[in-house]
Amino acid sequence: MSAESVIGVDLGGTKILAGIVARDGTTGRTIEVPTPDDGDAILSEIDRVIDELCAEQVRAIGIGVPMPVDALTGIAFAAANLPLGEVDIPGRLRARFGLPVGIENDANAAALAEWRLGAGVGTRDLVVFTLGTGVGGGLVVGGRLFRGWAELGHIVIEPDGPPCQGSCHGHGHLEALASGIAADRAARELWGDTADARDLVRRAYDGDGQAVSALERIGRYLGLAAGSLVNIFTPEKIVVGGGFGAAAGEILLRAMRAAATGEAMAGAADELAIVPAAFGEEAGLVGAALVGFEALDGER
Ligand SMILES: [Zn+2]
Numbered sequence: 010m011s012a013e014s015v016i017g018v019d020l021g022g023t024k025i026l027a028g029i030v031a032r033d034g035t036t037g038r039t040i041e042v043p044t045p046d047d048g049d050a051i052l053s054e055i056d057r058v059i060d061e062l063c064a065e066q067v068r069a070i071g072i073g074v075p076m077p078v079d080a081l082t083g084i085a086f087a088a089a090n091l092p093l094g095e096v097d098i099p100g101r102l103r104a105r106f107g108l109p110v111g112i113e114n115d116a117n118a119a120a121l122a123e124w125r126l127g128a129g130v131g132t133r134d135l136v137v138f139t140l141g142t143g144v145g146g147g148l149v150v151g152g153r154l155f156r157g158w159a160e161l162g163h164i165v166i167e168p169d170g171p172p173c174q175g176s177c178h179g180h181g182h183l184e185a186l187a188s189g190i191a192a193d194r195a196a197r198e199l200w201g202d203t204a205d206a207r208d209l210v211r212r213a214y215d216g217d218g219q220a221v222s223a224l225e226r227i228g229r230y231l232g233l234a235a236g237s238l239v240n241i242f243t244p245e246k247i248v249v250g251g252g253f254g255a256a257a258g259e260i261l262l263r264a265m266r267a268a269a270t271g272e273a274m275a276g277a278a279d280e281l282a283i284v285p286a287a288f289g290e291e292a293g294l295v296g297a298a299l300v301g302f303e304a305l306d307g308e309r
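So for the sequence shown, my numbering puts the first residue at 10; every next one is plus one.
Spelled out as structure tokens, the structure:
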């Protein structure tokens, strides 16, 4: 590992992935632990994994959280899918470890990784969708990561559609229609209670017509959201990542492209490419580390 490394922490709904990361995005030692189901226990578990990694020489800490983050104060607001309320995580970590600490929403962090080191390198305007259990998103606008909420999963696609989960009280949002959870639901409707998103994807690639249609419907919803975003941000690229996004692959992307270009205004999508993410499971970890490097560079 190079002399200059930071600790990246990707706090997810089901697991915490932390690791030593160099400036070029290469990862050294990593630790993965299940996310505890209680807010205080989550914060102590984050402390514990950082303690363990701090045995190595690190210069800063960066953390990605599945919560909206105030870009000025670093305060994170109540999570939709975690038992964590408003909390000052950087303040806690700075006091405990005495290192520069950066924080960002996890999907924004993943977008930062794709933009700086992955499928979005060289773009000025970029949209990144992270399709996992939910739908995350991030935007690069005019050569800068957009530091607002960028909750692309909570764009309204279908009035009176299925409800969102957790603390989002909306209906017919992208997350309820185009996430891993939505794919689970589509699979259950087709083949009964034991089926899930994995079956849907596998059967679609085996050529099952119903599975292909269901996956294409999810791709179409994503494309509707993408087309609306294209009309606002005219990105050069849209990158699709996350566990479900990677698994759903080209069948999903093809339907997404068709719907996106169908909704885009004349000229807005001429140069648009919709491509798979370069980073897999580590996008959030590497992005969190890049946020750590930003905190480090900001202090010099
Ligand atoms: Zn929502």
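Each residue gets a CB set at the ideal place from its N, CA and C atoms; glycine is no exception.
* To do: Work out the CA separation of Gly48 and Leu93 for me, nearest whole Å.
  => Numbered from its first residue, the sequence shown carries residue 93 at position 84. Numbered from its first residue, the sequence shown carries residue 48 at position 39. The straight-line gap separating the alpha-carbon atoms of Leu93 and Gly48 is approximately 5 Å.
* **Asp19 beta carbon less than 9 Å from that of Ala297** => For the purposes of this step, residue 297 is identified with residue 288 of the sequence shown, where counting begins at 1. For the purposes of this step, residue 19 is identified with residue 10 of the sequence shown, where counting begins at 1. Closer than 9 Å, so yes.
* In DSSP terms, what His182 is bridged to -> Numbered from its first residue, the sequence shown carries residue 182 at position 173. Partner(s): Val165.
* With 16 other Cβ atoms within 10 Å as the buried cut-off, status of Gly216 -> Here residue 216 is taken as the residue at index 207 of the sequence shown, counted from 1. Classification of Gly216: exposed, given that the 10 Å Cβ count is below 16.
* Given a threshold of 16 other Cβ atoms within 10 Å of its Cβ, counted over all protein chains shown, does Leu81 qualify as buried or as exposed? -> Translated into the one-based positions of the sequence shown, residue 81 becomes position 72. Flag for Leu81 reads exposed.
* Asked: Leaving out five residues before and five after Met10 in sequence, what residues of the same chain have Cβ atoms less than 7 Å from its Cβ?
  -> Position 1 of the sequence shown holds residue 10. With a pLDDT of 48 at Met10, under the threshold of 50, the modelled position of that residue is not reliable, and the figure given next carries that caveat. A distance below 7 Å between beta-carbons, with the five flanking residues on each side excluded, links Met10 to the following residues of its chain, in chain order: Ile29, Ala31 and Gly37.
* **Range covered by the alpha helix (DSSP H) that runs through Asp115** => For the purposes of this step, residue 115 is taken as the residue at position 106 of the sequence shown. For Asp115, the enclosing alpha helix (DSSP H) covers residues Asp115 to Leu126.
* CA nearest to the CA of Ala87, picked from Asn114, Ala235, Phe106 and Gly100 -> For the purposes of this step, residue 87 is taken as the residue at position 78 of the sequence shown. Considering only Asn114, Ala235, Phe106 and Gly100, the residue with the shortest C-alpha distance to Ala87 is Asn114.
* Asked: What's the C-alpha gap between Ala104 and Val110?
  -> Position 95 of the sequence shown holds residue 104. Position 101 of the sequence shown holds residue 110. Near 10 Å, if we compare the C-alpha coordinates of Val110 and Ala104.
* Asked: Measuring from the CB of Glu113, is there a heavy atom of ligand 1 at a distance below 8 Å?
  -> Position 104 of the sequence shown, counted from the first residue, corresponds to residue 113. No - ligand 1 has no heavy atom lying nearer than 8 Å to the Cβ of Glu113.
* Asked: Would the beta-carbon of Glu225 fall within 9 Å of that of Arg263?
  -> Here residue 225 is taken as the residue at index 216 of the sequence shown, counted from 1. Here residue 263 is taken as the residue at index 254 of the sequence shown, counted from 1. It is a contact, given that the beta carbons lie within the stated cut-off.
* Asked: If you follow the alpha helix (DSSP H) that Gly152 is part of, which residue opens it and which one closes it?
  -> As a working mapping, residue 152 is identified with position 143 in the sequence shown. Looking at the DSSP string, Gly152 is not in any alpha helix (DSSP H), and its letter there is neither H nor E.
* **Rounded C-alpha distance that separates Ala119 from Glu198** => Sequence index remark: in the sequence shown, residue 119 carries index 110 (1-based). Sequence index remark: in the sequence shown, residue 198 carries index 189 (1-based). It is roughly 32 Å from the alpha-carbon of Ala119 to the alpha-carbon of Glu198.
* Asked: Is any heavy atom of ligand 1 found at a distance shorter than 8 Å from the C-beta of Glu184?
  -> Position 175 of the sequence shown, counted from the start, is the residue given in the question as residue 184. Glu184: yes, Cβ under 8 Å from ligand 1.
* When every heavy atom of ligand 1 is checked, does at least one fall within less than 8 Å of the C-beta of Gly179? -> Along the sequence shown, one-based indexing puts residue 179 at 170. Yes.
* Asked: If we ignore side chains and look at the alpha-carbon of each, how far apart do Ile260 and Asp60 end up?
  -> Along the sequence shown, one-based indexing puts residue 260 at 251. Along the sequence shown, one-based indexing puts residue 60 at 51. Taking the Cα positions, Ile260 is about 43 Å away from Asp60.
* Give the DSSP bridge partners of Ser53, in chain order. => Locating residue 53 in the sequence shown gives position 44, where the first residue counts as 1. Ser53 has no beta-bridge partner at all, per DSSP.
* Smallest Cα separation from Leu161: which of Pro172, Asp169 and Ser188? -> Within the sequence shown, the letter at position 152 stands for residue 161. If you compare the alpha carbons of Pro172, Asp169 and Ser188 with that of Leu161, the shortest gap goes to Ser188.
* Leu121 vs Pro244 beta-carbon contact at 9 Å -> By one-based count along the sequence shown, residue 121 stands at place 112. By one-based count along the sequence shown, residue 244 stands at place 235. The answer is no: Cβ separation not under 9 Å.
* With a cut-off of 8 Å on the beta carbons, I'd call Leu26 and Ile51 a contact; round off their distance for me. => The residue given as residue 26 occupies position 17 in the sequence shown. The residue given as residue 51 occupies position 42 in the sequence shown. About 14 Å; that fails the 8 Å criterion.
* Asked: Can you tell me the Cα-Cα spacing of Ala282 and Ile241, whole angstroms?
  -> For the purposes of this step, residue 282 is identified with residue 273 of the sequence shown, where counting begins at 1. For the purposes of this step, residue 241 is identified with residue 232 of the sequence shown, where counting begins at 1. The alpha-carbon atoms of Ala282 and Ile241 are separated by roughly 16 Å.
* Look up Val300 in the DSSP assignment and say whether it is helix, strand or coil. => Walking along the sequence shown from the start, residue 300 turns up at place 291. Look at Val300 here: in three-state DSSP terms it is helix.
* Does the Cβ-Cβ distance between Gly71 and Gly301 come in under 9 Å? -> The sequence position of residue 71 within the sequence shown is 62, counting from 1. The sequence position of residue 301 within the sequence shown is 292, counting from 1. A distance below 9 Å separates the beta carbons of Gly71 and Gly301.
* Asked: Is Leu173 near ligand 1, going by C-beta to nearest heavy atom under 8 Å?
  -> The residue labelled residue 173 in the question sits at position 164 within the sequence shown. A small correction: the amino acid at residue 173 is Cys; Leu does not occupy that position in the sequence shown. Yes, the Cβ of Cys173 comes within 8 Å of a heavy atom of ligand 1.
* Where Ser53 falls, given that 16 or more other Cβ within 10 Å makes a residue buried -> Against the sequence shown, residue 53 aligns to sequence position 44. Exposed is the call here.
* To do: Measure how close the beta-carbons of Gly146 and Thr139 come, nearest whole angstrom, since I'm counting them as under 8 Å.
  => As a first step, residue 146 must be located in the sequence shown, where it is residue number 137. As a first step, residue 139 must be located in the sequence shown, where it is residue number 130. The Cβ separation is near 7 Å, so the contact holds.
* Asked: Quick one: complete alpha helix (DSSP H) runs, 4+ long, within the region 204 to 273?
  -> Counting only runs of 4 or more, we get 206 to 214, 218 to 242 and 252 to 272.
* **Close beta carbons around Asp306, own chain, < 7 Å, minus the five adjacent residues each side** => Your numbering for residue 306 matches position 297 in the sequence shown. Counting only Cβ-Cβ distances below 7 Å, and skipping sequence neighbours, we find nothing.
* What are the start and end residues of the beta strand (DSSP E) that includes Gly73? -> Counting from 1 along the sequence shown, the entry for residue 73 is found at position 64. Unbroken beta strand (DSSP E) run through Gly73: Ile70 to Val74.
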